[in-house]
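Have a look at the structure below before the remarks.
2 protein chains.
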Amino acid sequence: MGEAENPEQVDDHPFDAAIALKPADTGDETYTGRTHPAYANMVGPYGGITAATLLEAVQRHPERLGVPVSLTVNYAGPVADGEFTVSARPARTNRSTQHWSLDLTQDGRVVTTATAVYAVRRDTWADTETAMPDVPAPEAAPVTPMPDYVEWAKNYEMRFVEGAVPELEGAAESGPGESPDSTTTLWVRDNPTRPLDFPALTSLCDVFYPRVFLRRGQAMPAGTVSLTIYFHADDDALAAQGSRPVLARARSNRFGHGYFDQSACLWGADGDLLATTHQLVYFKG
Amino acid sequence: MGEAENPEQVDDHPFDAAIALKPADTGDETYTGRTHPAYANMVGPYGGITAATLLEAVQRHPERLGVPVSLTVNYAGPVADGEFTVSARPARTNRSTQHWSLDLTQDGRVVTTATAVYAVRRDTWADTETAMPDVPAPEAAPVTPMPDYVEWAKNYEMRFVEGAVPELEGAAESGPGESPDSTTTLWVRDNPTRPLDFPALTSLCDVFYPRVFLRRGQAMPAGTVSLTIYFHADDDALAAQGSRPVLARARSNRFGHGYFDQSACLWGADGDLLATTHQLVYFKG
Chain A
1 MGEAENPEQV DDHPFDAAIA LKPADTGDET YTGRTHPAYA NMVGPYGGIT
51 AATLLEAVQR HPERLGVPVS LTVNYAGPVA DGEFTVSARP ARTNRSTQHW
101 SLDLTQDGRV VTTATAVYAV RRDTWADTET AMPDVPAPEA APVTPMPDYV
151 EWAKNYEMRF VEGAVPELEG AAESGPGESP DSTTTLWVRD NPTRPLDFPA
201 LTSLCDVFYP RVFLRRGQAM PAGTVSLTIY FHADDDALAA QGSRPVLARA
251 RSNRFGHGYF DQSACLWGAD GDLLATTHQL VYFKG
Chain B
1 MGEAENPEQV DDHPFDAAIA LKPADTGDET YTGRTHPAYA NMVGPYGGIT
51 AATLLEAVQR HPERLGVPVS LTVNYAGPVA DGEFTVSARP ARTNRSTQHW
101 SLDLTQDGRV VTTATAVYAV RRDTWADTET AMPDVPAPEA APVTPMPDYV
151 EWAKNYEMRF VEGAVPELEG AAESGPGESP DSTTTLWVRD NPTRPLDFPA
201 LTSLCDVFYP RVFLRRGQAM PAGTVSLTIY FHADDDALAA QGSRPVLARA
251 RSNRFGHGYF DQSACLWGAD GDLLATTHQL VYFKG
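Chains A and B, in that order, are what the protein sequence lines are. So for the first sequence, full-length UniProt numbering puts the first residue at 1; every next one is plus one. So for the second sequence, full-length UniProt numbering puts the first residue at 1; every next one is plus one.
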C-alpha cells in the first residue's frame with residue numbers, strides 16, 4: 001500500500017487491521033483479535049501494536065469514561081502468531097476517573113497484562129517544562145529504513161536526527177560502533193500516513209530500537225518487559241497534530257544486571273508534548 | 001521513638017508495622033493489612049506506604065521468583081482508615097521472570113490496582129548514564145521538616161538541596177512564590193533510620209511533594225493516580241547502601257488538563273542509581 005493511494009483513509013490502514021477487535025462470544029468484556037503479519041517483530045508482534053490493541057479494547061468498551069491518561073503494559077510472554085483474547089474490566093469508576101485492568105491471553109495462558117487510567121479532562125493551569133529540542137525540520141532529515149528483516153518498522157516513516165541504528169553488519173565487539181550516550185531523536189509517523197489517535201500514539205511510544213544496541217554498537221537479544229505511557233494530549237491536541245510527523249526522543253538512565261530503563265518524550269509538530277513514556281527492557285549481552 | 005533508641009532495629013520500626021500483612025482466611029494469595037496512623041496523608045495513607053504494602057505481598061508470597069524489577073501502582077480511590085485486603089496473583093511465571101497482578105480492596109471494592117515484574121538478576125554489561133548530580137554532602141544540608149500536619153513526612157529525614165517546599169502560609173496567588181522549574185533534590189532516609197530494602201525503596205520513590213506546589217508556589221488538591229518504579233538495585237546494592245541517605249531528584253515534563261507527570265532518580269550514597277520512578281498526578285488549580 002503506497003502513500004499515493006489514499007494517505008488519509010483510516011479504514012484500509014494496516015494499523016487499523018492490526019488492532020481490530022471483535023466482541024467474543026463469552027461476554028462483552030472480552031474481545032478477540034489476531035496478530036497481523038505487517039507488525040511482526042523478531043519474536044511475536046511489535047510491542048507497540050500489542051499496547052495499542054489493549055488500549056483499543058478500552059476505547060471501544062461501552063463503559064469507557066473519558067480519554068486515556070496513563071497506560072502500563074507488561075509483556076509476560078511472546079504473543080504467538082494467530083488469534084488472541086483481550087479482557088478489559090473497569091476495576092473502578094469514579095466521577096471523573098476510571099481504572100482498567102486488562103490482559104491478553106492465548107489458549108487460556110496470560111501473555112500480556114495491563115492497567116489503564118482514563119479521565120475526563122478539564123481546563124487547568126498548563127505548562128510544558130520539557131520543550132521540543134531545536135532540531136532540523138522533518139524534510140531536512142532523510143528517511144532511514146530499519147534493516148529489512150524488521151517487518152514492523154516498515155509501517156513507520158523514520159527520519160533520524162541523532163542516534164540512528166548503528167551499522168550492525170560487521171561491527172566489532174568493541175570499537176567505533178560503541179556510543180557513550182543512548183539518546184536517539186527522530187521524526188516519525190505512520191507509513192502510509194494516518195491521522196494520530198490514542199492507539200496510534202500508544203504504538204509510536206514503543207518505536208525506539210533497544211538503547212543497548214546504540215551504546216554497544218551491536219544487536220543482541222533484548223525485549224521490553226514493562227511499558228508505561230502518560231498521555232498529555234487530549235482529543236483536540238490529536239486533531240491538531242493530524243498526520244504530521246512526531247518528534248520522538250529516548251534515552252536510558254541505567255543498564256545493568258540484565259535490564260535497562262528508557263524514558264522518552266513525543267512532541268507534536270507544533271511543539272506540544274503529546275506523551276511521555278518509560279520502559280524497562282531485558283537484554284542479554 | 002527517637003533515633004537514639006535503636007536506629008538499626010527493624011522489627012520495631014513504624015515502617016514495618018505499616019506494611020505488615022497476615023495471610024487471610026480465604027486463601028494463600030490474599031493478605032490482610034491495616035492502615036497505620038504514622039503514615040497518614042491528607043486523604044488516606046501516604047501513597048508510598050500503599051505501594052510498599054503491595055510489594056510486600058509479593059515479597060512474602062511463597063511462589064515469588066527473584067527480586068522486583070518493575071512495579072506500577074494505580075490509586076483508584078482513597079484507602080479508608082482501618083483494615084484492607086491485598087490480593088497477589090502470579091499471572092505468569094517464566095524461567096527467569098515472573099509477572100504479578102495485585103489489588104487492594106476494602107469492603108469488596110477495588111481501591112488500588114498494581115502489576116509487578118520480578119526477575120532473577122544476572123551479571124551483564126552495566127553502565128549508569130544519569131550520574132548522581134554534584135551536590136553538598138547530606139551533613140551540609142539542614143534537616144527541613146514538612147509542615148506539621150503532613151503526618152507521614154515525619155517518618156523521613158529530608159535534607160533539601162534545591163526545590164524545598166515553598167512557603168505556603170500567606171503565599172500570594174502569583175508572585176515570588178512561583179518557580180519556573182519543578183526540580184526538587186533532597187537527601188532522604190527513614191526516620192528513625194532503617195536499612196534499605198525493596199519495600200522501603202518503593203516507599204521512598206513517592207517522597208516528593210506535588211511538583212505543582214513548587215511551580216505555583218501554593219498548595220492545592222493533588223494526588224498520584226499512577227506510579228511506576230524501575231528497580232536498578234539488587235540485594236547487594238541495597239546491602240551496600242544500608243541506612244545512609246539516598247539522593248532523590250524529581251522533575252515534571254508537562255502540566256495541563258488536570259494532570260502532570262513526574263520523573264525521578266534515586267541514587268545511593270555511593271552514587272549507584274538505585275531506582276528510577278515516574279508518576280502521573282491529578283491536580284486542581
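All residues carry an ideal CB built from backbone N, CA and C; glycine is no exception.
Test: residue i CB closer than 9 Å to a CB of chain B
| i | result |
| --- | --- |
| A:GLY258 | yes |
| A:TYR209 | no |
| A:PHE255 | yes |
| A:THR228 | yes |
| A:ARG64 | no |
| A:GLU173 | In this prediction, A:GLU173 scores a pLDDT of 47, lower than 50, which makes its location untrustworthy; no coordinate-derived value is stated. |
| A:LEU273 | yes |
| A:HIS278 | yes |
| A:ARG122 | yes |
| A:SER101 | yes |
| A:THR184 | no |
| A:ALA114 | yes |
| A:VAL58 | no |
| A:THR85 | no |
Run of the alpha helix (DSSP H) containing residue i, from where it starts to where it stops
| i | result |
| --- | --- |
| B:GLY44 | It is not in any alpha helix (DSSP H) - B:GLY44 carries neither H nor E in the DSSP assignment. |
| A:VAL212 | 211-216 |
| B:ALA18 | 14-18 |
| B:PRO90 | It is not in any alpha helix (DSSP H) - B:PRO90 instead sits in the beta strand (DSSP E) that spans 83-93. |
| B:THR202 | 198-204 |
| A:ALA239 | 235-241 |
Cutoff 9 Å: residue i Cβ touching any chain A Cβ
| i | result |
| --- | --- |
| B:THR130 | yes |
| B:CYS265 | yes |
| B:ALA119 | yes |
| B:GLY77 | yes |
| B:PHE283 | yes |
| B:ALA20 | no |
| B:VAL69 | yes |
| B:VAL212 | yes |
| B:GLY170 | Below a pLDDT of 50, predicted positions are generally treated as unreliable, and B:GLY170, at 46, falls in that range; no measurement from the model is reported. |
| B:HIS61 | no |
| B:ASP270 | no |
| B:ARG251 | yes |
| B:THR97 | yes |
| B:GLU135 | For clarity, residue 135 of chain B is Val in the given sequence; the question names Glu instead. No, no contact with chain A. |
Option nearest residue i by Cα separation, candidates the options
| i | options | result |
| --- | --- | --- |
| B:ASP16 | B:PRO37, B:GLU29 and B:LEU71 | B:PRO37 |
| B:VAL165 | B:THR228, B:THR35, B:PRO45 and B:PHE213 | B:PHE213 |
| B:ASN155 | B:THR124, B:SER179, B:THR112 and B:ASP206 | B:ASP206 |
| B:ALA237 | B:GLY256, B:ARG254, B:SER263 and B:ASP270 | B:ASP270 |
| A:ASP261 | A:ASP234, A:VAL225 and A:ALA240 | A:VAL225 |
| B:ALA233 | B:TRP152, B:ALA88 and B:VAL69 | B:VAL69 |
| B:LEU274 | B:GLU162, B:THR144, B:VAL246 and B:ILE49 | B:VAL246 |
| residue 339 of chain A | A:GLY44, A:ALA137, A:ASP12 and A:VAL79 | Only positions 1 to 285 of chain A appear in the structure, and residue 339 of chain A is not among them; the question remains open. |
| B:TRP267 | A:ARG121, A:ALA80 and A:ARG254 | A:ARG254 |
| A:CYS265 | B:HIS257, B:SER252, B:THR26 and B:THR276 | B:SER252 |
| B:SER179 | B:GLY82, B:GLY163 and B:TYR230 | B:GLY163 |
| B:GLU129 | B:LYS284, B:THR276 and B:GLY285 | B:THR276 |
| B:ALA116 | A:VAL135, A:LEU21, A:THR72 and A:LEU104 | A:THR72 |
| A:ARG211 | A:LEU201, A:ALA222, A:ALA131 and A:SER203 | A:ALA222 |
Whole-angstrom distance between residue j and residue i, CA atom to CA atom
| i | j | result |
| --- | --- | --- |
| A:THR85 | A:ALA76 | 15 Å |
| B:TRP152 | B:TYR209 | 11 Å |
| A:ASP272 | A:VAL281 | 27 Å |
| B:ASP181 | B:ARG215 | 6 Å |
| B:THR93 | B:ALA51 | 22 Å |
| A:PRO90 | B:ALA140 | 49 Å |
| A:TYR118 | A:HIS99 | 6 Å |
| residue 287 of chain B | A:TYR259 | An answer regarding residue 287 of chain B cannot be provided, because it is not within the stretch 1 to 285 covered by chain B. |
| B:GLY285 | A:ALA126 | 10 Å |
| B:VAL110 | A:MET146 | 44 Å |
| B:LEU102 | B:LEU54 | 7 Å |
| A:PRO78 | B:ALA240 | 36 Å |
For residue i, the first and last residue of its enclosing beta strand (DSSP E)
| i | result |
| --- | --- |
| A:GLY225 | Before going further, note that residue 225 of chain A is Val rather than Gly in the sequence given. A:VAL225 -> beta strand (DSSP E) spans 222-231. |
| A:ASP261 | 259-267 |
| A:PHE283 | 273-283 |
| B:LEU102 | 97-106 |
| B:SER179 | Per DSSP, B:SER179 belongs to no beta strand (DSSP E) and is neither H nor E. |
| A:ASP148 | Neither: A:ASP148 is in no beta strand (DSSP E) and is coded neither H nor E. |
| A:PRO68 | 67-75 |
Neighbour flag for residue i against chain E, beta carbons, 9 Å
| i | result |
| --- | --- |
| A:ASP127 | Of the protein chains in the structure, A and B, none is chain E. |
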